[in-house]
Every structure is written in C-alpha cells, then in structure tokens.
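A.B. asks: Numbering (the working numbering), first residue to last: 1 to 260. Structure incoming, see below.
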C-alpha cells in the first residue's frame, strides 16, 4: 500500500462506484484535501477526506491491517472521533463492520443535483436579514460567527476563511445581531460545488433555508456551476427544500457511521 500525492487513473477507476464524484473531483483539483492510499498490485485504495473514508477494490488482510494500523492510528482516531465510510459492495460492508464491531450504524444518504439555468426570484422573502458572508461580516461584532467558521473549516475544502471569502459562496441569516444559520459552498471545483446548509431551530419553517439556497444558486448560475446537495435519506425537510429549489435526485446510497 502506497501513500500517493495525487489521484491516478487506477484510483479514479476504483472510486467510480460512488455517486459523490464531485468530492473526488475536488481532490483531483486540490490533492492536499485528502490522504490517498493505493495498492496497485491488489487494486485496493483508501481515500480519507476529513471524516469521510472511501474504500474500494479488492479486500485483502494486508489492506485491512493497513487501514486499521497505518491510516486509522490511535492518534487519528482520537482526532477524528467519527468517520463515515463509503463503500462499493456487501463484501466491503462486512469487512468494515467486522473491523469496528459494536461501534457502527448503517444509514442511507441521498444526493441531489442541479445545474442552474436561470436566476431565481427571491422577492417573496425579505432579504434584509440574510447577509452575504464577507470579510467585513466575519470581522464584525456579530455573535455566533463560529457557526459559519466551524462549517467551512470543518469540511477541509477551503484553506481558511479568507480563501472561502475569495473563492466560495455563502449567506447567513442574522437576527438580533446573531448568526442563525448558513448556506455555504463546499468541495469547490472549476465546474462544481456542493451546499452546506443549516438554520437554528427557532428560525426554521420560515422560508430561510429555501431563500438562502436560491441566493446561492443565483451566484452559482453566474459562475456556470453545477450544484450538489447531500443529506440523510430520512431528512425529509432537507430533501423537500432541495426539491422545491429544482434539485433532482441522483442516488441513494449506504454509509457506515463509526464512532472511533
């Protein structure tokens, strides 16, 4: 098993099982986002992208031992605390769950996609409380800015908040001088982004998530970007928001959630 610096063709082929190709694309454009491992003889690979672990190819004792002892070291487990494992088949599901008995749950997630072809009308909702995320906002005295910074930095897809402000897209609802949610771009490439979105409970069901999404989609349209939306399959409100904004489902897929 070798640690490589960039995704090569064999790894790309092995990872073709996942519908989350936009994440793979973001790693191709910015390899430092992830740790990449491949055994080209056995055709096995691992990709660790933050708390996301992709596994693919042939299952061997050597590969499983390498994953357990060299990638998910004691230090890594303490730092990560949890991981989400994306896998291609039942054999990999068994291999991973056997490695972490009594520490896992298997859930389903859903992926939606939209290529905006027009600007959305957002005049029906007062935008006075929804602000663009800028350097000025982040350096202001507004409370709860950590809600934004934790999301942006936590995905590991921007170098820092300055990088996000320069290259990313983001909006936030502000009430009583407090950040009450966010809608931010994630996993950016030249042609794609994903959406990260959350609204505090007290401000949900007011059209804020839908309006922020449309505001982000308008910016994506200007940049000719395809936009992805990922959520838990049973998160009906999230799925409904995506669908109401024009997103179409790409796929449902299983994920193993592991507490390290």
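Don't be surprised by glycine CBs; every beta carbon is placed ideally from N, CA and C.
For residue 232, write down the residues that DSSP places opposite it in a beta bridge.
C.D. replies: To locate residue 232, count along the chain shown from 1; it is residue 232. DSSP, once it has assigned bridges, lists 109 as partnering residue 232.
A.B. asks: Along the chain, which unbroken stretches of the beta strand (DSSP E) at least 3 residues long are found entirely within the stretch 184 to 230?
C.D. replies: 192 to 199
A.B. asks: For a test of your reading of the model: does the CB of residue 251 fall under 7 Å from any non-hydrogen atom of the ligand GTP? Yes or no.
C.D. replies: Here there are no bound small molecules, and the ligand GTP is not part of this structure.
A.B. asks: On a Cα-Cα basis, can you pick out the residue from 240, 52, 55 that is closest to residue 210?
C.D. replies: Translated into positions along the chain shown, residue 210 becomes position 210. The option with the nearest alpha carbon to residue 210 is 240.
A.B. asks: Would you kindly report the start and end of the unbroken alpha helix (DSSP H) that includes residue 95?
C.D. replies: For the purposes of this step, residue 95 is identified with residue 95 of the chain shown, where counting begins at 1. It spans 90 to 99 - the alpha helix (DSSP H) in which residue 95 sits, taken as one unbroken run.
A.B. asks: Among 49, 214, 255, 224, which one has its Cα closest to the Cα of residue 243?
C.D. replies: Here residue 243 is taken as the residue at index 243 of the chain shown, counted from 1. That would be 214, whose Cα lies nearest to the Cα of residue 243.
A.B. asks: According to DSSP, is residue 160 helix, strand or coil?
C.D. replies: On the chain shown, residue 160 is found 160 positions in, with the first residue counted as 1. If DSSP states are grouped into helix, strand and coil, residue 160 belongs with coil.
A.B. asks: Can you tell me whether DSSP reads residue 48 as helix, strand or coil?
C.D. replies: Counted from its first residue, the chain shown places residue 48 at position 48. In the structure shown, residue 48 sits in a strand (DSSP, three-state: E or B).
A.B. asks: Would you call residue 73 buried or exposed, if buried means 16 or more other Cβ atoms sit within 10 Å of its Cβ?
C.D. replies: By one-based count along the chain shown, residue 73 stands at place 73. By the neighbour-count rule (16 or more Cβ atoms within 10 Å), residue 73 is not buried but exposed.
A.B. asks: Please work out which residues of its chain come closer than 8 Å, Cβ to Cβ, to residue 149, disregarding the five sequence neighbours upstream and downstream, and give them in chain order.
C.D. replies: Your numbering for residue 149 matches position 149 in the chain shown. The residues are 138, 161.
A.B. asks: What residues in its chain sit with their C-beta under 8 Å from that of residue 31, if we drop five residues either side in the sequence?
C.D. replies: Here residue 31 is taken as the residue at index 31 of the chain shown, counted from 1. If we look at residue 31 and ignore the five residues flanking it on each side, its Cβ neighbours are 5, 6, 7.
A.B. asks: Flag this pair as yes or no: are the beta carbons of residue 170 and residue 184 separated by less than 8 Å?
C.D. replies: Sequence index remark: in the chain shown, residue 170 carries index 170 (1-based). Sequence index remark: in the chain shown, residue 184 carries index 184 (1-based). Yes; because the gap between Cβ atoms is below 8 Å, this pair is in contact.
A.B. asks: Between the stretch 98 to 113 and the stretch 222 to 241, are three or more C-beta pairs nearer than 8 Å?
C.D. replies: yes
A.B. asks: Checking contacts by CB at 8 Å: is residue 87 closer than that to chain B?
C.D. replies: No chain B is part of this structure, which consists of one protein chain only.
A.B. asks: Among the residues of its own chain, which have a CB less than 7 Å from the CB of residue 119, if the five just before and after it don't count?
C.D. replies: Position 119 of the chain shown, counting from 1, holds the residue named residue 119. Counting only Cβ-Cβ distances below 7 Å, and skipping sequence neighbours, we find 218, 221.
A.B. asks: In its own chain, which residues sit with a C-beta less than 7 Å from the C-beta of residue 64, not counting the 5 before and 5 after it?
C.D. replies: Here residue 64 refers to the residue found at position 64 when the chain shown is read from its first residue. Only 95, 99 meet the Cβ criterion.
A.B. asks: Pop quiz: residue 175 and residue 129 are said to be a contact at Cβ under 8 Å. What is the actual Cβ separation, rounded to whole angstroms?
C.D. replies: On the chain shown, position 175 is the one that residue 175 refers to. On the chain shown, position 129 is the one that residue 129 refers to. Sure, about 6 Å apart at Cβ, within 8 Å.
A.B. asks: Under the three-state reduction of DSSP, which class applies to residue 154: helix, strand or coil?
C.D. replies: Numbered from its first residue, the chain shown carries residue 154 at position 154. It is helical.
A.B. asks: Among residues of its own chain, excluding the 5 on either side of residue 255, which ones have a beta-carbon nearer than 7 Å to its beta-carbon?
C.D. replies: Here the question's residue 255 lines up with position 255 in the chain shown. 84, 85, 86, 107, 109.
A.B. asks: Identify the continuous alpha helix (DSSP H) that holds residue 252 and give its terminal residues.
C.D. replies: Here residue 252 corresponds to residue number 252 of the chain shown, with the count starting at 1. Premise fails: residue 252 lies in the beta strand (DSSP E), 248 to 259, not in any alpha helix (DSSP H).
A.B. asks: Could you check whether residue 91 and residue 59 sit closer than 8 Å to each other, using their CB atoms as the reference points?
C.D. replies: Translated into the one-based positions of the chain shown, residue 59 becomes position 59. Translated into the one-based positions of the chain shown, residue 91 becomes position 91. Yes; because the gap between Cβ atoms is below 8 Å, this pair is in contact.
A.B. asks: Tell me the DSSP secondary structure of residue 76 in three-state form.
C.D. replies: Position 76 of the chain shown, counted from the first residue, corresponds to residue 76. Residue state, collapsed to three classes: helix.
A.B. asks: Note the first and the last residue of the continuous beta strand (DSSP E) segment covering residue 39.
C.D. replies: Locating residue 39 in the chain shown gives position 39, where the first residue counts as 1. Note, residue 39: beta strand (DSSP E), 35 to 39.
A.B. asks: For residue 151, I'd like the list of residues in its chain whose CB is within less than 8 Å of its CB, leaving aside the five on either flank, ordered along the chain.
C.D. replies: Walking along the chain shown from the start, residue 151 turns up at place 151. Answer for residue 151: 182, 184, 196, 198, listed in chain order.
A.B. asks: Would you mind working out which of 178, 144, 70 sits nearest residue 2, comparing C-alpha positions?
C.D. replies: Looking up residue 2 in the chain shown gives position 2. The shortest Cα separation from residue 2 among 178, 144, 70 belongs to 70.
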